[in-house]
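J.: The opening residue of the sequence shown carries number 0 in numbering that gives the first Met the number 0; numbering runs sequentially from there.
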Amino acid sequence: MVFEIEGIDGMFLLQQPTAKQIDEFIAIQAQQELSYASRGATHTQTPPDGFQVDHNRICLGQGRVLYEQAKRALQDWQHFRLNWVSLHRQAAVPESGQTVAILAHALGLWILNACQVVYVLEETEPVQRYAFAYGTLPEHAECGEERFQVEWQADDDSVWYDLYAFSRPQQLLSKITYPYVRHKQKQFARDSLQAMQRAVAIHEK
């Protein structure tokens with residue numbers, strides 16, 4: 000049995016949920032609306048007022064081959080292959096409208112968050128890039144949107160992994176522990192950058 004913390008909003012759990020429970024959670028949250036108004040604002044990097052902005056990027060290497068490897072890794076959500084966070088999905092690749100669950104383990108709790116993919120894009124001008132973003136649903140500790148992107152710069156042949164997000168606390172426990180939440184957000188960014196480095200390094204071998 001999974002126990003929620005009494006008196007606390009959101010999916011803060013004392014025991015790890017089963018795969019079936021996560022699937023049921025995704026199905027319920029798929030019927031909900033986003034918990035913020037500025038859908039797609041990460042595309043133009045124009046965050047709404049009152050939100051914390053985080054922007055992190057790393058050069059993965061050079062060349063078209065590496066760009067295609069990074070793109071496939073992103074489509075496979077390999078940037079979420081971390082030892083304290085896991086992503087649960089029901090579709091093979093990101094697609095607009097897809098609902099996913101993010102399960103994190105911190106402070107002795109299991110935090111189950113719901114997001115919806117709000118757009119997927121692939122462009123060739125001014126740089127070649129593939130990106131998608133998801134936004135928070137009501138059962139999420141935070142409120143906001145995050146974009147994950149790989150890009151290939153024609154001028155120097157470099158390939159980059161780029162994260163851009165805006166957020167603010169949504170649930171009571173997140174507001175109470177906000178300094179710790181910010182610490183974990185920064186840790187996720189660092190770990191995600193490293194995960195993408197590992198993903199392309201494996202393909203290069």
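Each residue gets a CB set at the ideal place from its N, CA and C atoms; glycine is no exception. Just so we're clear, the structure is a prediction, and the values are computed from it rather than from any experiment.
Spatial neighbours of Met10 within its chain, please: CB distance less than 6 Å, with the 5 preceding and 5 following residues excluded, ordered by chain position.
T.: Against the sequence shown, residue 10 aligns to sequence position 11. Cβ neighbours of Met10 beyond the five flanking positions: Leu111 and Glu138.
J.: Quick check on the DSSP output: the alpha helix (DSSP H) that includes Gln20 runs from which residue to which?
T.: Position 21 of the sequence shown holds residue 20. Ala18 to Gln28 is the span of the alpha helix (DSSP H), which, as asked, contains Gln20.
J.: Quick check on DSSP: helix, strand or coil for Thr98?
T.: For this step, residue 98 is matched to residue 99 along the sequence shown. It is a strand residue.
J.: What are the boundary residues of the beta strand (DSSP E) that Arg167 is part of?
T.: Locating residue 167 in the sequence shown gives position 168, counting from the first residue. Where Arg167 is concerned, the enclosing beta strand (DSSP E) stretches over Ser157 to Pro168.
J.: Are at least three pairs of beta-carbons, each pair with one atom in the segment 148-165 and one in the segment 127-134, less than 8 Å apart?
T.: Cβ pair count under 8 Å is three or more, so yes.
J.: By alpha-carbon positions, which one of His87, Asp53, Ala40 and Gln170 ends up nearest to Val117?
T.: The sequence position of residue 117 within the sequence shown is 118, counting from 1. The option with the nearest alpha carbon to Val117 is Ala40.
J.: Would you list the one or two residues that DSSP bridges to Asn112?
T.: Looking up residue 112 in the sequence shown gives position 113. Paired residues: Ile101.
J.: Exposed or buried, Ile175, counting other C-beta atoms within 10 Å across all chains shown (16 or more means buried)?
T.: The sequence position of residue 175 within the sequence shown is 176, counting from 1. So Ile175 ends up on the exposed side.
J.: Skipping 5 residues on each side, what residues in its chain have a beta carbon closer than 7 Å to that of Glu121?
T.: Translated into the one-based positions of the sequence shown, residue 121 becomes position 122. Only Tyr129 meet the Cβ criterion.
J.: Among Arg167, Phe187 and Leu12, which one has its Cα closest to the Cα of Pro47?
T.: Taking the sequence shown and counting its residues from 1, the one referred to as residue 47 is at position 48. Ranking the options by Cα distance to Pro47, first place goes to Arg167.
J.: Measure the alpha-carbon distance for Phe24 versus Trp83 and round it to whole angstroms.
T.: In the sequence shown, counting from the first residue as 1, residue 24 sits at position 25. In the sequence shown, counting from the first residue as 1, residue 83 sits at position 84. So the alpha carbons of these two residues sit roughly 20 Å apart.
J.: Sort Ala153, Asp53 and Asp156 by Cα distance to Arg181 and report the nearest one.
T.: By 1-based counting over the sequence shown, the position of residue 181 is 182. Checking every option, the nearest Cα to that of Arg181 belongs to Asp53.
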